[in-house]
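Protein chains: 2
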Amino acid sequence: MTVYNFSAGPAVLPTPVLEQAQSEFTDYKGSGMSVMELSHRSSLFDAIIKDAEKRLRELMSIPDNYHVLFLQGGASLQFSMVPLNLAQNKKALYVNTGSWSKKAIAAAKELGNVEVEVIASSAKDNFTYIPEITPDMIDQDAAYLHITTNNTIVGTAYKSIPNAGNVPIVADMSSNILANDYDVKDFGIIYAGAQKNIGPAGLTVVIIRDDLLGLYEVNEPMLDYKTQAAANSLYNTPPTFAIYIAQLVFKWLQELGGLPEILKQDQEKAQLLYDAIEKSNLFTSPVRPDSRSLTNIPFVTGNAKLDQKFNVEALAAGFENLKGHRSVGGMRASLYNAFPKEGVQALVTFMEKFEKENGGL
Amino acid sequence: MTVYNFSAGPAVLPTPVLEQAQSEFTDYKGSGMSVMELSHRSSLFDAIIKDAEKRLRELMSIPDNYHVLFLQGGASLQFSMVPLNLAQNKKALYVNTGSWSKKAIAAAKELGNVEVEVIASSAKDNFTYIPEITPDMIDQDAAYLHITTNNTIVGTAYKSIPNAGNVPIVADMSSNILANDYDVKDFGIIYAGAQKNIGPAGLTVVIIRDDLLGLYEVNEPMLDYKTQAAANSLYNTPPTFAIYIAQLVFKWLQELGGLPEILKQDQEKAQLLYDAIEKSNLFTSPVRPDSRSLTNIPFVTGNAKLDQKFNVEALAAGFENLKGHRSVGGMRASLYNAFPKEGVQALVTFMEKFEKENGGL
Chain A
1 MTVYNFSAGP AVLPTPVLEQ AQSEFTDYKG SGMSVMELSH RSSLFDAIIK DAEKRLRELM
61 SIPDNYHVLF LQGGASLQFS MVPLNLAQNK KALYVNTGSW SKKAIAAAKE LGNVEVEVIA
121 SSAKDNFTYI PEITPDMIDQ DAAYLHITTN NTIVGTAYKS IPNAGNVPIV ADMSSNILAN
181 DYDVKDFGII YAGAQKNIGP AGLTVVIIRD DLLGLYEVNE PMLDYKTQAA ANSLYNTPPT
241 FAIYIAQLVF KWLQELGGLP EILKQDQEKA QLLYDAIEKS NLFTSPVRPD SRSLTNIPFV
301 TGNAKLDQKF NVEALAAGFE NLKGHRSVGG MRASLYNAFP KEGVQALVTF MEKFEKENGG
361 L
Chain B
1 MTVYNFSAGP AVLPTPVLEQ AQSEFTDYKG SGMSVMELSH RSSLFDAIIK DAEKRLRELM
61 SIPDNYHVLF LQGGASLQFS MVPLNLAQNK KALYVNTGSW SKKAIAAAKE LGNVEVEVIA
121 SSAKDNFTYI PEITPDMIDQ DAAYLHITTN NTIVGTAYKS IPNAGNVPIV ADMSSNILAN
181 DYDVKDFGII YAGAQKNIGP AGLTVVIIRD DLLGLYEVNE PMLDYKTQAA ANSLYNTPPT
241 FAIYIAQLVF KWLQELGGLP EILKQDQEKA QLLYDAIEKS NLFTSPVRPD SRSLTNIPFV
301 TGNAKLDQKF NVEALAAGFE NLKGHRSVGG MRASLYNAFP KEGVQALVTF MEKFEKENGG
361 L
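For the record, the sequence lines run as chains A and B.
Anchor point for the first sequence: position 177 equals 177 in UniProt numbering, and the numbering is continuous, going up by one each time.
Anchor point for the second sequence: position 41 equals 41 in UniProt numbering, and the numbering is continuous, going up by one each time.
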């Protein structure tokens, strides 16, 4: 049985990447060592981390006045690091578009010395859309405006980045980094947990504009962007194997044709599924059409028992991790870059069959 | 050419572990998915993390009133987390036995609200021994006594754990965890970066006595031991693949005979090298005999040019990462659990040959 992995993260990785990593797993480039066994100060690992950064810069057209950091702790640690580094005793603006935004807001509030203002929210409508942000909503004295560009759980995404004037935009891009046409220049900080479009869990990529380094004293060295940037992500031992897998993923993306090509594929995959949902008399998307994510696509029957039946049968048919997040229910297909189009086609066929068998037209 | 990897970390891993991980790298237990692709909420990963914890508890005889946490950020993040969680507006005691102790001390001071007292230090003697700690040196009102049980760079280790009365001992055990006969009950907290005796870089193991959870408000959720313990290390996505490799390493250790057996092997390996150094007229150990580490063994000729010649020739002969730390110079052999005895024998033979060729007896 072919298995299709719709996991929201850690998620499916490109088959050629897994195969290459497997083939050199115990002997990297004839060194007699696994990448996991390389000293992080060795020339072999130095080449890996530098090449990973170079390729990510090329893929995302990251300007020279931005640092690229390979850190640990996931987006959850960024929720604290961002306000610690940028907004002590200042105001920080947040847009609330779901669970992860709420966690970011809560973490900023918990610091106790940040004035947190939520300037827009779609909470009262179950986060089914991205609220409009207009320039007049942005206090130009704020330290930053924080947005969650793609909301993994509810399946919404920003189609364009708000105009915040001179206020830097800080973006949690965990679930749609490398799957969008945003311009890095529109952001002050972009951060992303790797476990969706980049590589294995345990690696966090941070892209930060140089003028945002060192604005405040941060009392924990590991949480200080300036310290991490000065050490080129080697302040302490980084997650070396995860960085190596990320390098292979970046190389795979470049050989495929870079972001324009993968974005085209992502759009085709998403369209296939959204079209099937629109056509269906059983399944609906809870998300407003203008806010729909390319990477995370929830759908429901409106009947919890039927959703459960679908999930049980889908799992038995090789569709892994389709069950919606426990906070939402229903189904959710995460179609990250490495997810194959055949898997979407197979899902659509399965949905049509299920609909026929369960009282659909 | 056989390659022997003397890296201080990330370090050599057991060959059977690497081979098993390689064999199931693209298809874990017939799931059709790599371990890296498993959701951290899946039953397959749940079994991995629970089994890893169970095996570590068995190996180290960890009592039930201790939590085992699988975190990120390395020992360097623990340097801040320990005082944040245990000593806000209190006194914390430190023993200074080298670079890593100094970093731990500096991080505690940087918080600004911890009264840091260094109760003993071997700094004036280049950290060549572990200072004696007697009960009268311990202020019983202190929040904890911090020690670095093994000093990777200078090659010293505590042969026994000091008696600190009722003051909890917090130990950075990064470089000799699972390679000692300490008793977990003698510690309040043990922490260790995985990249020496546990698994790949990017995983940090913390063993914490339950009464030390939740003593203070910690304003960064990811840095709060209580939050991490309450979530069983799943507060956010953990470094899943690194935890899986750790599980395999723990299993390998248990099948070998557990800590008594590996400690016997470690002692034999270390003795081989220390004996060769003692016998030599060229090489000396800078470390006082009563403080010598089993896992990290520095040696020098006393002549920087000759050290360099040795390092060049050793590298050409397949001895990787023997060069001493940049802060110490000379040579350093890190003989972690997975390092094979044949590698030590080969090194000793190489040292004898080098000595003959370079004016030795």
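We put the CB at the ideal spot given by N, CA and C, even for glycine.
query: Say whether chain B places a C-beta atom closer than 9 Å to the C-beta of P238 of chain A.; result: yes
query: For P162 of chain A, does the three-state DSSP call read helix, strand or coil?; result: coil
query: According to a CB-to-CB cut-off of less than 9 Å, which residues of the stretch 298 to 332 of chain A neighbour chain B?; result: G318, E320, N321 and R326
query: Check whether the stretch 192 to 206 of chain B and the stretch 71 to 86 of chain B are in contact - that is, three or more C-beta pairs closer than 8 Å.; result: yes
query: Going along chain A, which residues have a C-beta under 9 Å from Y235 of chain B?; result: S76
query: Are there 16 or more other CB atoms within 10 angstroms of the CB of M1 of chain B, so buried, or fewer, so exposed?; result: exposed
query: Compute the distance between the beta-carbons of E58 of chain B and G258 of chain B, then report whether it is under 9 Å.; result: yes
query: To be precise: take each residue of the stretch 104 to 122 of chain B, compare its Cβ to all Cβ atoms of chain A, and keep it if any distance is under 7 Å. Which residues remain?; result: A107, E110, L111 and G112
query: For L44 of chain A, which residues from the same chain have a beta carbon less than 7 Å from its beta carbon, with the 5 sequence-adjacent residues on both sides left out?; result: Y28, K29, S31 and L38
query: How would you label G199 of chain B, buried or exposed, when you count the other beta carbons within 10 angstroms and need 16 or more for buried?; result: buried
query: Along the chain, where does the beta strand (DSSP E) containing T149 of chain A start, and where does it finish?; result: Neither: T149 of chain A is in no beta strand (DSSP E) and is coded neither H nor E.
query: Going by other Cβ atoms of all chains shown within 10 Å of its Cβ, with 16 needed for buried, is S285 of chain B buried or exposed?; result: buried
query: So with CB distances below 9 Å, who are the chain B contacts of G32 of chain A?; result: M1, T2, V3, Y4, N5, G318 and E320
query: Could you have a look at G193 of chain A and say whether DSSP puts it in helix, strand or coil?; result: strand
query: If you measure from the beta carbon of L335 of chain B to each beta carbon in chain A, is any gap under 9 Å?; result: no
query: What's the call for R332 of chain B, buried or exposed, on a 16-neighbour Cβ count within 10 Å?; result: buried
query: Quick one: what does DSSP say Y235 of chain B is sitting in, helix, strand or coil?; result: coil
query: Verify the CB distance criterion: does M173 of chain B have a CB-CB separation below 9 Å to chain A?; result: no
query: For the candidate residues A:I169, A:D139, A:I119 and A:T301, whose alpha-carbon lies nearest to that of E132 of chain A?; result: A:I119
query: Considering only C-alpha positions, which residue in the set A:L56, A:V17 and A:N358 is nearest to I192 of chain A?; result: Residue identity check: residue 192 of chain A is Ala in the sequence provided, not Ile. Checking every option, the nearest Cα to that of A192 of chain A belongs to A:L56.
query: With 9 Å as the threshold, decide whether the Cβ of I245 of chain B is near any Cβ in chain A.; result: yes
query: Just curious, the alpha helix (DSSP H) that F45 of chain B is in, first and last residue?; result: S43 to M60
query: With a CB to CB cut of under 7 Å and the five nearest residues on each side skipped, what residues in its chain are close to L234 of chain A?; result: H40
query: Which partner residues does Y274 of chain A have in the DSSP bridge list?; result: Answer is none; Y274 of chain A lacks a bridge partner.
query: Name the chain B residues whose beta carbon is nearer than 9 Å to that of E261 of chain A?; result: Result: empty, since nearest Cβ-Cβ is about 22 Å, beyond 9 Å.
query: For a contact defined as C-beta to C-beta under 7 Å, what are the partners of V12 of chain A on chain B?; result: E37
query: For E98 of chain B, decide whether its Cβ has a neighbour in chain A, counting only Cβ atoms nearer than 9 Å.; result: Checking the sequence, you will find Gly at residue 98 of chain B rather than Glu. Closer than 9 Å: no.
query: Tell me where the beta strand (DSSP E) around T204 of chain A begins and ends.; result: T204 to R209
query: Could you check whether the stretch 245 to 258 of chain A touches the stretch 124 to 143 of chain A, counting it as contact only if at least three pairs of C-beta atoms, one from each stretch, sit closer than 8 Å?; result: no
query: If you pair each beta-carbon of the stretch 108 to 115 of chain B with each one of the stretch 165 to 175 of chain B, do three or more pairs fall below 8 Å?; result: no
query: Count the CB pairs spanning the stretch 220 to 229 of chain B and the stretch 10 to 21 of chain B that are closer than 8 Å, and state whether there are at least three.; result: no
query: Note down, in chain order, every chain B residue with its Cβ under 8 Å from the Cβ of F25 of chain A.; result: L18, A21, Q22 and F25
query: Which stretch, first to last residue, makes up the beta strand (DSSP E) that contains Y94 of chain B?; result: K91 to N96
query: What do you get for V12 of chain A, buried or exposed, if any count of 16 or more other CB atoms within 10 angstroms of its CB means buried?; result: buried
query: Is it a yes or a no for the stretch 259 to 279 of chain B touching the stretch 317 to 329 of chain B, going by three-plus beta-carbon pairs under 8 Å?; result: no
query: Looking at chain A, is there any beta carbon in it that lies within less than 9 Å of the beta carbon of T15 of chain B?; result: yes
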